[in-house]
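Student:
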Amino acid sequence: AQSVTQPDIHITVSEGASLELRCNYSYGATPYLFWYVQSPGQGLQLLLKYFSGDTLVQGIKGFEAEFKRSQSSFNLRKPSVHWSDAAEYFCAVGGINSGNEKLTFGTGTRLTIIP
Amino acid sequence: IAGITQAPTSQILAAGRRMTLRCTQDMRHNAMYWYRQDLGLGLRLIHYSNTAGTTGKGEVPDGYSVSRANTDDFPLTLASAVPSQTSVYFCASSLDRNQPQHFGDGTRLSIL
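Below you can see the structure in the form of structure tokens.
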């Protein structure tokens, strides 16, 4: 069965510092991977996705993620965080052409930014 | 602005009552979804519809029903609400079942 693990429930970083959010997945074939962000009181917004090609994926808001098949990871990074990045971040895994009905979401990482 | 509209924004409901959560999208997306979000559990799929006129069960469908009479609307009904259905409900849509989803802002539902 497919699964997603986000090992960090809560992360606090200083504004301007670099960020890495971890995501480990289990999937039997080539995965389709996503990162979504959820601001308080709002729905999820797609940050970036990976399904093939270059393993370093660029997203919106200055985020990037790297697919590492050997480590079953898809970690999200940002070189310098802004106070507006405070939110909850969700990783998700599915199969190419398997449909969103088969997508599995992680339990999320809450990001707090301190001055 | 194109997107997904969910109504109501929040609701407090007595157990045993019937409740319909509304979801409308104006992006002409073929696929639509209902999720519930609970602390520590992430998002769990309740029901989905890959095209108008069809629906399917997700991970946690019990106690919920949906219909998809047209492309734009995808209401979620709780026939007889129970306290365990207290949650935040998100509607989402995608151009087709293999494209990334767009989410509404959610309905916060409390069952007393």
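Here the protein sequences line up with chains A and B, keeping their order.
Here our numbering is used: position 112 in the first sequence is 122, and no number is missing along the way.
Here our numbering is used: position 79 in the second sequence is 472, and no number is missing along the way.
Don't be surprised by glycine CBs; every beta carbon is placed ideally from N, CA and C.
Measuring only the C-alpha atoms, how far is Lys88 (chain A) from Ile504 (chain B)?
Tutor: Here residue 88 (chain A) refers to the residue found at position 78 when the first sequence is read from its first residue. Here residue 504 (chain B) refers to the residue found at position 111 when the second sequence is read from its first residue. Cα to Cα, the separation comes out at about 40 Å.
Student: Tell me, to the nearest whole angstrom, how far the beta carbon of Tyr46 (chain A) is from that of Leu54 (chain A); I am working on the premise that it is less than 8 Å.
Tutor: Indexing the first sequence from 1 puts residue 46 (chain A) at position 36. Indexing the first sequence from 1 puts residue 54 (chain A) at position 44. Contact holds; Cβ gap of about 4 Å.
Student: At 3 residues or longer, and completely inside the region 47-111 of chain A: list those beta strand (DSSP E) runs for me, N to C.
Tutor: 54-60, 66-68, 74-78, 83-88 and 97-105, all fully within the region 47-111 of chain A.
Student: Could you work out which residues of chain B lie near Leu121 (chain A), taking near to mean beta carbons separated by less than 8 Å?
Tutor: Walking along the first sequence from the start, residue 121 (chain A) turns up at place 111. Per Cβ cutoff of 8 Å: no residues; Leu121 (chain A) is ~16 Å from chain B at best.
Student: Looking at the structure shown, is Gln12 (chain A) part of a helix, part of a strand, or coil, going by DSSP?
Tutor: Residue numbering aside, residue 12 (chain A) sits at position 2 when the first sequence is read from its first letter. Gln12 (chain A): coil per DSSP, three-state reduction.
Student: Flag this pair as touching only if the region 12-29 of chain A and the region 63-71 of chain A have three or more C-beta atom pairs under 8 Å; answer yes or no.
Tutor: At 8 Å Cβ cutoff, the stretches do not touch.
Student: Within the chosen definition, does the region 88-102 of chain A reach the region 112-121 of chain A through at least 3 CB pairs nearer than 8 Å?
Tutor: The region 88-102 of chain A vs the region 112-121 of chain A: in contact.
Student: With DSSP run on the structure shown, which of helix, strand or coil describes Pro476 (chain B)?
Tutor: Numbered from its first residue, the second sequence carries residue 476 (chain B) at position 83. In this structure, Pro476 (chain B) counts as helix in the three-state DSSP scheme.
Student: Over the uninterrupted beta strand (DSSP E) stretch that includes Asp431 (chain B), give me the two end residues.
Tutor: In the second sequence, residue 431 (chain B) corresponds to position 38, counting from 1. Its beta strand (DSSP E) spans residues Ala424 to Asp431.
Student: Report the neighbours of Gly51 (chain A) on chain B: residues whose CB is nearer than 8 Å to its CB, in chain order.
Tutor: As a working mapping, residue 51 (chain A) is identified with position 41 in the first sequence. Neighbours of Gly51 (chain A) on chain B, chain order: Asp498 and Gly499.
Student: Indicate whether at least one CB of chain A lies closer than 7 Å to the CB of Phe467 (chain B).
Tutor: Here residue 467 (chain B) corresponds to residue number 74 of the second sequence, with the count starting at 1. Judged by the 7 Å Cβ criterion, Phe467 (chain B) is not in contact with chain A.
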